[in-house]
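Residues in the sequence shown are numbered consecutively from 1, following full-length UniProt numbering. Cβ atoms here follow ideal geometry from the backbone N, Cα and C, with glycine treated the same way. Computed from a predicted model, the values in this text were never measured in an experiment.
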Amino acid sequence: MADQQMDLQCAICLEQKQSPTAVTCGHSFCHTCLEEYMTYVGYEWSKECPICGSRLKIINDNENFTNDSDSNIEDADVNMNEQNHSL
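See the structure below:
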């Protein structure tokens, strides 16, 4: 019973997974939680699964990206700049 509840819970926000998104190691998280987690491109931990530490690569998302590609870093920088300007 506890294992089934853990499968439904996002390890990032600790709530029930919304739009679950899986990564190559088999763990899954809320889509928005995972996207936000991966925007911390300046930190090595943002390139690793929060549960097991494996290299992050989304496997069931339309973009199918890893956190170490140049385009993702540029996208994250643009998103962070947009957020800073809206504050």
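Determine the burial state of isoleucine 58: buried for a count of at least 16 other Cβ atoms within 10 Å of its Cβ, exposed for fewer.
Indexing the sequence shown from 1 puts residue 58 at position 58. Isoleucine 58 comes out buried.
Cysteine 10, buried or exposed, once every other Cβ within 10 Å from all chains shown has been counted against 16
As a working note, residue 10 is residue 10 in the sequence shown. The residue in question, cysteine 10, is buried, as its Cβ has 16 or more Cβ neighbours within 10 Å.
Just to confirm the assignment, what range does the beta strand (DSSP E) spanning residue 103 have?
A question about residue 103 goes unanswered here, because the residues of the chain that appear run from 1 up to 87.
Alpha carbon of cysteine 33 to alpha carbon of arginine 55, nearest angstrom
Locating residue 33 in the sequence shown gives position 33, counting from the first residue. Locating residue 55 in the sequence shown gives position 55, counting from the first residue. Distance between the alpha carbons of cysteine 33 and arginine 55: 17 Å.
Bridge partners for glutamate 48 per DSSP, in chain order?
Within the sequence shown, numbered from 1, the residue matching residue 48 stands at position 48. Per DSSP, Arg55.
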